[in-house]
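Okay, structure first, notes after.
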Amino acid sequence: MSIPKAELHLHIEGTLEPELAFALAARNGVALPYADTDELREAYRFSDLQSFLNLYYGLMAVLRTEDDFADLTDAYLARAAAQGVRHAEIFFDPQAHISRGVGIGTVVAGLGRALDRSEAVHGVSTQLIMCFLRDESAESAMETLEAAKPHLGRIVGVGLDSAEVGHPPAKFREVYEAAAALGLRRVAHAGEEGPPAYITEALDVLGAERIDHGLRCLEDPELVARLVRDRVPLTLCPLSNVRLRAVDVLAEHPLPAMLDAGLLCTVNSDDPAYFGGYAEDNFRAVRAALGLSPERLRELARNSFLAAFLEHDEERRAR
Ligand code: ES4
Ligand code: ZN
């Protein structure tokens, strides 16, 4: 039995398993530069975030129709439910689809169709968070927010992802202000590969309520003290950190030190089809590699609900 938990750092495009990628390629007549699923899996040897992103954005070519996004999301929800996920806050990257001629209306309709059935079919409540690509311009982010306006009833918040180094949060001040004015919640990837100053900037300039990853906060003791004092949740992704070489081996992951420091840490799967596991796989991996006590694992699960954008009645049901 897996412990009930909320998944707060999950890119829906990162749940595209090789088998589904090939099935969608066939359905849509898209040619892939890999002979079969084995050859594709062979390519999952990443040296850093950018080497992953190159493959990840390329494989998205198979996602074209509303049905594709519904099938992708339904497959994720089934896997998540089987791993004890009761609530999922799901990232998607509108710009990665708009730039390929797939409109945000198609994407949201497909995701939404699967999410609408999720509680009944899988017992998983859900929220959607649209992310801006930080290696695209601030103008493009603002256009994306504008394009999302007809769909804001389905979207709880905004995030910031893609290549971090060289793309500090402050570039997105205006679009985050506009998002806040629309009543959207705010999160941002920071301190995955980028310096601790990006975490501080995400808090100060973007008003981020949660930090995605935040691993490198440990390099700045004042920042750690602030994150502890203000109870800012960090959505850590241990298997992702190993696969993208942010940490050498899981046994050296700083999660235990971060919990000892009093940080509000959560454990999440990021891009599970690429990084070797879903939510419970990440819990199991840190338990095995880091020797976390049952109390620590319960704390991580509790933190996931505390850090979620849940209404109180939903929170009660999720537990
Ligand atoms: C991502 Cl691991 C990671 N970091 C930043 N952006 C991303 N998009 C998808 N996965
Ligand atoms: Zn991520």
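In UniProt numbering, the protein residues as written are 1 to 319.
All residues carry an ideal CB built from backbone N, CA and C; glycine is no exception.
Residue i: CB within 7 angstroms of a non-hydrogen atom of ligand 1
i    : result
L128 : no
R49  : The question names Arg, but residue 49 in the sequence shown is Leu. L49 Cβ: within cutoff of ligand 1.
L244 : yes
S162 : yes
G14  : yes
S240 : yes
Where residue i falls, given that 16 or more other Cβ within 10 Å makes a residue buried
i    : result
G214 : buried
M258 : buried
D313 : Low confidence applies here, because D313 scores a pLDDT of 49, under 50, leaving its location unreliable and the question unanswered by this model.
M1   : exposed
S293 : exposed
R298 : exposed
S162 : buried
P196 : buried
Sequence-distant residues of its chain with Cβ nearer than 6 angstroms to residue i (five each side left out)
i    : result
A301 : I3, K5
P256 : L290
L40  : P18, Y34
A21  : L59, V62
Distance cut-off 7 angstroms: residue i Cβ against heavy atoms of ligand 2
i           : result
H11         : yes
residue 324 : Any property of residue 324 remains undetermined from this structure, which presents the chain solely from 1 to 319.
L270        : Looking at the sequence itself, residue 270 is Asp, so the reference to Leu does not match. Yes.
D248        : no
D212        : yes
H189        : yes
Start and end residues, beta strand (DSSP E) containing residue i
i    : result
Q50  : Element bounds for Q50: not the beta strand (DSSP E) but the alpha helix (DSSP H), 49-59.
D161 : 157-161
R79  : Per DSSP, R79 belongs to no beta strand (DSSP E); it is in the alpha helix (DSSP H), 66-82.
S125 : 125-133
V85  : 85-92
H213 : 210-213
A181 : Where A181 is concerned, there is no enclosing beta strand (DSSP E), although the alpha helix (DSSP H) it sits in stretches over 173-181.
A188 : 185-190
P233 : 233-236
E17  : Where E17 is concerned, there is no enclosing beta strand (DSSP E), given that its DSSP letter is neither H nor E.
Cutoff 7 angstroms; reference residue i; Cβ partners in own chain excluding five residues on either side
i    : result
R319 : Here the model assigns R319 a pLDDT of 47, short of 50, so the residue's position is not dependable, and the following value carries that caveat. Hits under 7 angstroms: P4, F305.
G157 : I129, L184, R185, R186, V187, F309
E280 : S2, Q83, G84
G112 : R154
E119 : S125
For residue i, the first and last residue of its enclosing alpha helix (DSSP H)
i           : result
P294        : 294-306
residue 332 : It is not possible to answer for residue 332, since the shown part of the chain is limited to 1 through 319.
Nonlocal neighbours in the same chain, by C-beta distance under 8 angstroms from residue i, ignoring five residues either side
i    : result
I273 : Note that residue 273 corresponds to Ala in the displayed sequence, not to Ile. G14, T15, L16, E17, P18.
V249 : V242, A289
Y57  : A96
G47  : Note on identity: in this sequence residue 47 is Ser, with Gly being the wrong assignment. Same-chain partners within the cutoff: R245.
A75  : T15, E17, L20
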